[in-house]
Amino acid sequence: MSLNRNVPLATGLRYRGRGNQLAFVLHRIGGLGMAIFITMHLLASFFGGDVGRSLNHVYENWLFQIFIFFCILFHAINGLRITIMDLWPKLLEHQNEAIWLEWAVFIPIFGIAAFVILRSAMGG
Amino acid sequence: MANAKSRTLPLTKRGLNFEMFMWLFTRLSALAMYGLILLAVIGALIMGARNQMSFADILRWGFMPNANHVQDTNVPDLAPWENPFWKVTGSLLLLVAVAHGVHGCVVIADDYIVSERGRNIVRIISIVFMLSMMGIGLYILWTS
Numbered sequence: 065m066s067l068n069r070n071v072p073l074a075t076g077l078r079y080r081g082r083g084n085q086l087a088f089v090l091h092r093i094g095g096l097g098m099a100i101f102i103t104m105h106l107l108a109s110f111f112g113g114d115v116g117r118s119l120n121h122v123y124e125n126w127l128f129q130i131f132i133f134f135c136i137l138f139h140a141i142n143g144l145r146i147t148i149m150d151l152w153p154k155l156l157e158h159q160n161e162a163i164w165l166e167w168a169v170f171i172p173i174f175g176i177a178a179f180v181i182l183r184s185a186m187g188g
Numbered sequence: 005m006a007n008a009k010s011r012t013l014p015l016t017k018r019g020l021n022f023e024m025f026m027w028l029f030t031r032l033s034a035l036a037m038y039g040l041i042l043l044a045v046i047g048a049l050i051m052g053a054r055n056q057m058s059f060a061d062i063l064r065w066g067f068m069p070n071a072n073h074v075q076d077t078n079v080p081d082l083a084p085w086e087n088p089f090w091k092v093t094g095s096l097l098l099l100v101a102v103a104h105g106v107h108g109c110v111v112i113a114d115d116y117i118v119s120e121r122g123r124n125i126v127r128i129i130s131i132v133f134m135l136s137m138m139g140i141g142l143y144i145l146w147t148s
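Chains as they are written, first to last, in our numbering: chain A, 65 to 188; chain B, 5 to 148.
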């Protein structure tokens with residue numbers, strides 16, 4: 065535990081790291097979002113009852129579904145990029161291209177999914 | 005910038021402590037989750053999901069192969085979906101995902117909690133939380 069980063073959150077947010085920084089922030093948001101969702105989901109199924117049912121209503125909401133699908137998909141695709149680049153470090157020379165490739169994979173998949181979720185939310 | 009050479013030690017020369025082990029575990033568990041989700045999706049297609057389930061239902065099953073996740077679909081018989089094979093697959097996915105997720109939360113907490121005492125408290129809480137989530141998840145998977 066000798067590593068002492070000690071950088072306040074506000075300074076971290078002012079850091080302009082462009083695409084990589086954005087991916088880093090979204091990866092954290094996605095990971096935390098999934099952790100909170102899975103914890104709630106497990107507790108709701110375990111305890112059941114009225115609280116469980118009202119939690120189920122929260123994540124059947126289309127807004128929540130779009131948010132959680134964003135978390136899962138971005139975390140999965142960005143995580144795959146990190147895994148590939150970390151296990152084959154020579155690829156780090158192409159990290160900017162990897163970010164663009166990542167968005168090129170993410171945007172169409174997420175767009176189609178968001179369209180399907182919205183269409184069924186509107187009853188179509 | 006695009007031509008900057010990476011100066012990274014190869015994996016075999018980096019030594020192994022707990023942080024390094026968890027760094028590697030995070031990557032390998034991500035690959036394992038990809039494999040397990042793919043296995044569940046392929047299994048669903050073999051069991052007839054193509055005509056009986058929507059794409060969203062297949063993904064719901066894929067992220068956690070638990071028979072509760074398909075009971076509202078047009079699947080005629082839940083028996084193949086309750087097979088012990090899927091319970092084992094789901095248990096593996098649960099254990100790997102909870103360990104991966106809790107370690108991720110510890111990494112985030114370490115960025116903002118820098119005192120030795122604070123980090124120890126975070127570690128104790130995270131271990132208790134991880135074990136209770138694993139227990140609750142396994143209970144749900146094997147009794148529902």
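Where is the CB? At the ideal position from N, CA and C, for every residue including glycine.
- In the three-state scheme derived from DSSP, where H, G and I count as helix and E and B as strand, B:G52 is classed as coil.
- Here B:P69 is buried: its Cβ has 16 or more other Cβ atoms, across all protein chains shown, within 10 Å.
- Collapsing the DSSP output to three states places B:I117 in coil.
- Taking 7 Å as the cut-off, the Cβ atoms of B:M138 and B:L82 do not count as close.
- When secondary structure is reduced to three states using DSSP, B:R18 falls in the coil class, being assigned neither helix nor strand.
- Residues of the stretch 91-110 of chain A with a C-beta atom less than 8 Å from some C-beta of chain B are R92, G95, L96, M98, A99, I102, T103, L106, L107, S109, F110, listed in chain order.
- Of A:W152, A:F134, A:R145, the smallest CA-CA separation from A:I176 is found for A:F134.
- In the structure shown, B:S148 falls within a coil segment according to DSSP collapsed to helix, strand and coil.
- By the rule that beta-carbons nearer than 7 Å mark a contact, B:G39 does not touch chain A.
- For A:M98 and A:I136, the gap between their C-alpha atoms comes out near 7 Å.
- Using a Cβ distance threshold of 7 Å, B:G108 and A:G81 do not count as a contacting pair.
- The alpha-carbon of B:F22 is positioned some 35 Å away from that of A:A168.
- Scanning the stretch 72-97 of chain A for uninterrupted alpha helix (DSSP H) segments of 4 residues or longer gives 73-78, listed from N- to C-terminal end.
- The three-state reading of DSSP puts B:Q75 in coil, since its state is none of H, G, I, E or B.
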